[in-house]
Amino acid sequence: MAVRKSFGAILLAVVAAALTVTGVVIAATDHNSAVVVSDHLALNGYPPKSANLLVTVSTGQSFSLTANVNVNFSTNAIAATLDFPQVFSIAAVDVRLVDNHLFARSASTSTGGWIELPVKLRSLFGSSLELTKPDIALISGFGQEVITKTNDQTTYTYIRDSVAVSNILSSSKKSVGVGNLMWSITTGSQGEVTSSSVTITSQH
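Residue numbers for the sequence shown follow my numbering, so the first one is -8 and each next one is one higher.
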């Protein structure tokens, strides 16, 4: 049981990180032919129904984990495939977050049993609203802010030094060192989020 709880905590941490680390919105577009826009991800005031997230967690050559996450804001469900490195190969795990339950099983089989854990999943609708038009002006607590514009896109980059760094795969919240944090958010012509990334660098 302890192994299952630990495994579930790791999966949940990765999926949670996916929702905050990086994302590309699949836009709900207005098919009105009278409106011509160059921004193909424009949401036209409608929150996105889904999003696809690509996540990479790496500590250099010693550890690297990737995950492809599909988020359905309409059904409040998350599906992901996580690739864990092994000594000589990569182990893939399918993960589902549905109806406040986390399900996980090996991606190499379609008939194996699922590991099931109860998980409280908050409503994702609020996240879809933030993707539609995030409150950029409310972001604070960073030492540096850089704003760059390219065509229809605006990228906000926030940098903070001397950030306490901890191991996201450890149950301990104890800091393992100090690092630098860089958070970037790119918005389209209507202020919608087209991508976002968080990078934490540390000597450890």
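Heads up, the beta-carbon is just placed ideally off N, CA and C, and yes, glycines get one too.
Under the Cβ criterion (8 Å, minimum of three pairs), the stretch 102 to 110 does not count as touching the stretch 118 to 125.
When the alpha-carbon of residue 32 is set against those of 190, 191 and 179, the nearest one is in 179. By the Cβ neighbour-count rule, residue 69 is buried, with 16 or more other Cβ atoms within 10 Å of its own. Where residue 116 is concerned, the enclosing alpha helix (DSSP H) starts and stops at 116 to 123. Residue 97 and residue 90 have their C-alpha atoms some 21 Å from each other. Listed as beta-bridge partners of residue 174 by DSSP are 149 and 189. Residue 128 carries a helical assignment under DSSP once its states are collapsed to helix, strand and coil. Under the DSSP assignment, residue 38 falls outside any beta strand (DSSP E); it carries neither an H nor an E label.
In the three-state reduction of the DSSP assignment, residue 47 falls in the strand class, which pools E and B. Between residue 169 and residue 153, the beta carbon gap of about 5 Å places them in contact (Cβ cut-off 8 Å).
Taking 4 residues as the minimum length, the stretch 65 to 100 contains no alpha helix (DSSP H) run wholly inside it.
With contacts defined by Cβ atoms closer than 7 Å, residue 177 and residue 185 form a contacting pair. When beta bridges are read from the DSSP output, residue 155 appears opposite 169. For residue 63, the enclosing beta strand (DSSP E) covers residues 55 to 63.
C-alpha of residue 72 to C-alpha of residue 119: approximately 21 Å in a straight line.
When the beta-carbon positions are compared, residue 62 and residue 56 stay at least 7 Å from each other. The three-state secondary structure of residue 112, taken from DSSP, is coil.
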